[in-house]
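Residues in the sequence shown are numbered consecutively from 1, following UniProt numbering.
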Amino acid sequence: MARLLSSLAFAVIFLVSLTNARHLLFHGDATPTGSNFTHVCDAKRYFNLGLNMKEHAFCDTSLSYEDRAVHLVSHMTLKEKVKQLGNHAQGVPRLGLPMYQWWSEALHGVSNVGPGTFFDNLVPGATSFPSVILTAASFNETLWRTIGEVVSDEARAMYNLGRAGLTYWSPNVNVVRDPRWGRVLETPGEDPYVVGRYAANYVRGLQDVKGTEDCKDLHTRPLKVSSCCKHYAAYDVDNWEGVQRYTFDARVTEQDMVETFLRPFEMCVKEGDVSSVMCSYNRVNGIPTCADPKLLNQTIRQDWNLHGYIVSDCDSIEVMVDGHKWLVDTGEDAVAQTLKAGLDMDCGDFYPKYLEDSVRTGKVREEELDKSLKYLYVVLMRLGFFDGLSQYNNLGKDDVCSKEHIELANEAARQGIVLLKNDDNALPLTKATCKTVVAIGPHAKATNVMLGNYAGVEYQMGCSEILCRNRTFIFDAMEASKNADATIIYVGIDLSIEAESRDRVDLDLPGYQNELIRMVSDAAKGPVVVVVLSAGGVDLSLAKNHPNVKAILWAGYPGEKGGQAIADVLFGKYNPGGRLPLTWYPNDYVSKLPMTSMPLRPVNGYPGRTYKFYDGPVVYPFGYGLSYTKFTYNLVSATRSVDINLSKFQNCYELEYKDDEFVPPCPAVVIDEYLTCDKTFKFQVEVQNVGGMDGSEVIMIYAKPPEPVANTYIKQVIGFKRVFIKAGQSEIVDFELDVKTLQLVDFNAYKVLAHGSHTIVIGDEIVSFPVELNLIGCFT
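Right, dumping it as C-alpha cells:
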C-alpha cells in the first residue's frame, strides 16, 4: 500500500512498533499510574491531566456528534488543526485531545502493516485468514461477514490491550481487470458485483454493532471498528514493464468507470455503509484520483452519501507533486487542490507540512479544514473513542487467536479451495488405495503439516525454490513417483512473483515447474495430483491435458491453517465446493494486449477482459469448480414477465442494436429516473445431491441481455448462494432479485433497463429461462 513500504520497511515498522508503541499509538496518553485510558471523555482522565472535562462541550453526550465535533474543531488554532490531518494525528494537549494513529490494516486478519497496530509477547499475532481471493472463491456471503466479525473482535481486543487502533484501511475492492496484476491476492476477483457483495459483507462484519444496523441517522450509527474501501479508482497496475502505479494514467471510458471500476465502491458505500474510502496513486484520464472533485466530492460524498471520511493512499499527494507533476504544483498548491476536491486526510505528511501556509496564502479556506476534521471526529465518536463502547470492554488476550477463530480460518480455506480436475474420481485419496504417497515440488516443504498423521509420506524437492531454475532435483522426484501409490506435486507462485509493486509478465508456471509436472507424471506409478498455490491464474494446460495428472486443486494462499485445509480436501475429510473468482487464461492471452490497455470490451484488435467481455479460449472459466459428489438442478417456478409502467415524466431511452429492424418502440429506461418503483422477479431452484458424498454447491445466477442489444456484456453475475446438501437429499432454494440487477451500462454511462427478453442462467448453462421486461405506457 504505502509507497515506501518494501518488505524490509514492513520489518522495520514492526520493530519500531515494539520498542516505541506508546509513541506510535494514542494509548501513549497514560494516567500517572501507567494504565492506558479507555476513552477520551473520562472525567478521571481529565483530572489526572490537570484539566476540567466540563469545560469542553465536545465531551457533552447530550449534544449530537456533529455539534460536538464542530465545538472541538472551533477551539483549535490553525496550527493545531493541520497537525490532525495526517495519519498520525498529533492531538491537542491543552484540550485533553490525545494523539491518534489512523493507519491500521485488516485485509485478512489484524496486521502489523501500518503503525497503528503491533504485536509483542502479550499478543504475538492475530488470526491469519486465507488471502481474500481464496476466501472469495467460497462464494459464501455469511462466511465473509463472519470473518469480518471475528477480525473486529480481535481488533477491539487489541485496542483494549493498547496494541491497536480502531480504524482499519481494508478491504481492497479493486476489480481484477488483468491476470498479471500483482495484487490479485488482496481482491475478491474480476466480477464487480461479486467484489461489491464481498465488500459490503466484510465491511458489515467489521463495522456493525449488533442491534444498531438500522439506525435512522447513519451519521451517528455506532461502529465496532471503522473500515475503508480502497483503492479508488481504476487502480490495477503496480509495476509492469517499467510502468509504475505512482505515475500511471488510466485512460478509462465513462462506461467502464460506471460499469466496472466504480460499482464495487458504490456497493461498499451504499450497501456496506463503509465509513472511509481511500483514493489511489494513479491518474484517471489525466487527473490524480485524490485531486478529482468529480470522483471524491461529487461521487462519493454527494451521489453515494458517504457517512465518513476520504483518505489518500500513503504519500499520494507527494506522488502527485513529484511523480505526476500535476499542474506543476508546489506542496501548498497540491494540498489546496486535494482538500477542495474532498480529500479529508493525508496518509503522509503533506497536509501537516503545507496546509497552514496554503490557508495563510489564500489558496484554500480554513473552513475546508474544519469540514474534513468534523468528518474525522464524528467517525471517532461513533467508534467510542470519546465515550467508550462498553459492550466490547471485556474483550482481551483470550479473544485473539482463539480456537474458534483458528478453526474459522481452517473452514474458510476449505470452503475456498477449488477442485479443477478429478478424472476417474482420483480424489479423495484413501488409505485402502494409497499406502504410500510422495509429495513433490517447491510448495511441498510443509508436507508433514499438510498431511497430518497420514502414514507413508515421502518428500522430494523437485525444485529447490519457487523459480525452479534448474532440473537438478527432478530425477529424484521421478524415481520416488515410480514406487508411490499416489504422487502429489505442489507447484505455483509466491509473493516474489506476484505482490504489491510486482506485476507478472506472463501466466506460466515459473522455470522448470511444467517440466517437473510432465516428467514426474510420465514416470508415476499411481495417479498424480497437482496442487497449485497462487492468487492469479496460471496456465495449467499441460497438467490439465496430461493423462496421468488425474486431479488438480487450486488453494490460493490459504492462511495459517492452509496445510490442514489442503489435507482435509485431499483425503476426503472435506468435500471441495469453491469456484474460481477469476478467468484462468492460456499464457498467450497476455501477448495479445498490454496490461496498460484499460478497455474491458474488445477494441483496437485487443480481446476483451474478464468473463463478461472475453469470448476466447480459457484454461478454466470464471465460476468453475468441481465436487466429489454430483448435483442436479430443476427449475421449480419462475417469474417470466415483468411489466414496468412508465409515467409521463419518464422518457424512453435509445440503445444501440445489432439490427435496426428489431428496435422496440421503447428500447430502455434510465434506472436513475425509475428508483421509486421496486419491481422484483422470483424463481425457485431444486438442487439435488445425486452423488454419494455430502457437499456444498454454489448456485451461480447469471443474466444475458436481450439478444438484439449491441456492445454490452456476454453475461454477468446477478446473484449466488452456497448451500450444503447431504448425499441423496435435495433443497429448494428461493431467489428474489430486483429488476435493476438486469441493468446494463450504455456508451454514455447511463444505467438502463432494456426492454425485451433477458435470459437468466443458473449454474454452468444447466438451467435457463427468459424474463421479459415490458416497458409500458411510455410518453416520448
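Beta carbons are placed, not taken as given, at the ideal position from N, Cα and C, and that holds for glycine.
Note that the structure is predicted; figures quoted are calculated from it, not measured.
For residue i, which three-state DSSP category applies?
| i | result |
| --- | --- |
| residue 434 | coil |
| residue 222 | coil |
| residue 666 | coil |
| residue 263 | helix |
| residue 704 | strand |
| residue 80 | helix |
| residue 760 | strand |
| residue 693 | coil |
| residue 167 | strand |
| residue 643 | strand |
| residue 631 | strand |
| residue 589 | helix |
| residue 28 | For residue 28, the predicted model reports a pLDDT of 41, less than 50, meaning its position is unreliable; a value from the coordinates is still stated below. Residue 28 falls in the helix class under three-state DSSP. |
| residue 21 | With a pLDDT of only 35 at residue 21, under 50, the local geometry of the prediction cannot be trusted, and no value is derived from it. |
| residue 46 | helix |
| residue 53 | helix |
| residue 516 | helix |
| residue 460 | strand |
| residue 244 | strand |
| residue 678 | coil |
Locate the alpha helix (DSSP H) running through residue i, then write down its first and last residues.
| i | result |
| --- | --- |
| residue 610 | 610-613 |
| residue 724 | Here residue 724 belongs to no alpha helix (DSSP H); instead the beta strand (DSSP E) covers 716-725. |
| residue 482 | 474-482 |
| residue 154 | 141-160 |
| residue 339 | 331-341 |
| residue 564 | 562-570 |
| residue 551 | From DSSP, residue 551 is part of no alpha helix (DSSP H) but of the beta strand (DSSP E) over 549-554. |
| residue 573 | Neither: residue 573 is in no alpha helix (DSSP H) and is coded neither H nor E. |
If we define contact as Cβ-Cβ less than 9 Å, is residue i a contact residue for chain C?
| i | result |
| --- | --- |
| residue 723 | Chain labels in this structure do not include chain C; a single protein chain is all it has. |
May I ask which residues mark the beginning and end of the beta strand (DSSP E) holding residue i?
| i | result |
| --- | --- |
| residue 420 | 418-422 |
| residue 71 | Residue 71 -> not in any beta strand (DSSP E); alpha helix (DSSP H) instead, spanning 65-74. |
| residue 767 | 767-776 |
| residue 194 | That residue, residue 194, is in no beta strand (DSSP E); its alpha helix (DSSP H) goes 192-207. |
| residue 487 | 486-492 |
| residue 505 | Careful: residue 505 lies outside any beta strand (DSSP E) and carries neither H nor E. |
| residue 62 | Counting along the chain, residue 62 falls outside any beta strand (DSSP E), and DSSP gives it neither H nor E. |
| residue 309 | 309-312 |
| residue 738 | 730-738 |
| residue 626 | Run containing residue 626: none; DSSP gives neither H nor E here. |
| residue 754 | 751-754 |
Beta-carbon separation of residue i and residue j under 9 Å?
| i | j | result |
| --- | --- | --- |
| residue 209 | residue 222 | yes |
| residue 709 | residue 646 | no |
| residue 258 | residue 169 | no |
| residue 773 | residue 745 | no |
| residue 490 | residue 440 | yes |
| residue 820 | residue 552 | There is no way to answer for residue 820, as the model of the chain reaches only from 1 to 780. |
| residue 380 | residue 82 | no |
| residue 470 | residue 511 | yes |
| residue 443 | residue 313 | no |
| residue 227 | residue 150 | no |
| residue 688 | residue 730 | yes |
| residue 653 | residue 750 | yes |
| residue 590 | residue 633 | no |
| residue 480 | residue 418 | no |
| residue 166 | residue 104 | yes |
| residue 132 | residue 235 | no |
Below 8 Å, is the gap between the Cβ of residue i and the nearest heavy atom of the ligand SAH?
| i | result |
| --- | --- |
| residue 604 | Although the ligand SAH was asked about, the structure shown includes no ligands whatsoever. |
Does the pairing of the segment 240-255 with the segment 492-512 give three or more beta-carbon distances under 8 Å?
When Cβ pairs closer than 8 Å are counted between the two stretches, the segment 240-255 is seen to touch the segment 492-512, the count reaching three or more.
Are the segment 362-374 and the segment 397-406 touching by the rule of at least three beta carbon pairs closer than 8 Å?
no
With three or more C-beta pairs closer than 8 Å as the rule, is the segment 279-286 touching the segment 202-216?
By the Cβ criterion, the segment 202-216 is not in contact with the segment 279-286, since fewer than three pairs of Cβ atoms, one from each stretch, lie closer than 8 Å.
Length-filtered (4 minimum) alpha helix (DSSP H) runs lying within the segment 347-421:
350-360, 366-382 and 403-416
Could you tell me which uninterrupted alpha helix (DSSP H) segments, each at least 4 residues in length, are contained entirely in the segment 73-133, listed from first to last along the chain?
78-82
Quick check: the segment 403-418 against the segment 133-148, are at least 3 beta-carbon pairs closer than 8 Å?
With the cut-off at 8 Å, the segment 133-148 and the segment 403-418 touch.
Pairs of beta-carbons, one from the segment 386-393 and one from the segment 123-139, closer than 8 Å: are there three or more?
no
Flag this pair as touching only if the segment 325-333 and the segment 301-310 have three or more C-beta atom pairs under 8 Å; answer yes or no.
Judged by Cβ distances under 8 Å, the segment 325-333 makes no contact with the segment 301-310, as fewer than three pairs qualify.
If you pair each beta-carbon of the segment 701-721 with each one of the segment 757-769, do three or more pairs fall below 8 Å?
yes
In the segment 281-328, which residue ranges form an unbroken alpha helix (DSSP H) of at least 4 residues, counting only runs that do not cross its ends?
316-322
Determine contact between the segment 691-698 and the segment 580-596, defined as no fewer than three beta-carbon pairs at a distance below 8 Å.
no
Counting pairs of beta carbons, one from the segment 332-343 and one from the segment 178-187, are three or more of them closer than 8 Å?
With the cut-off at 8 Å, the segment 332-343 and the segment 178-187 do not touch.
Check whether the segment 603-610 touches the segment 542-560, counting contact only when three or more Cβ pairs, one atom from each stretch, lie closer than 8 Å.
no
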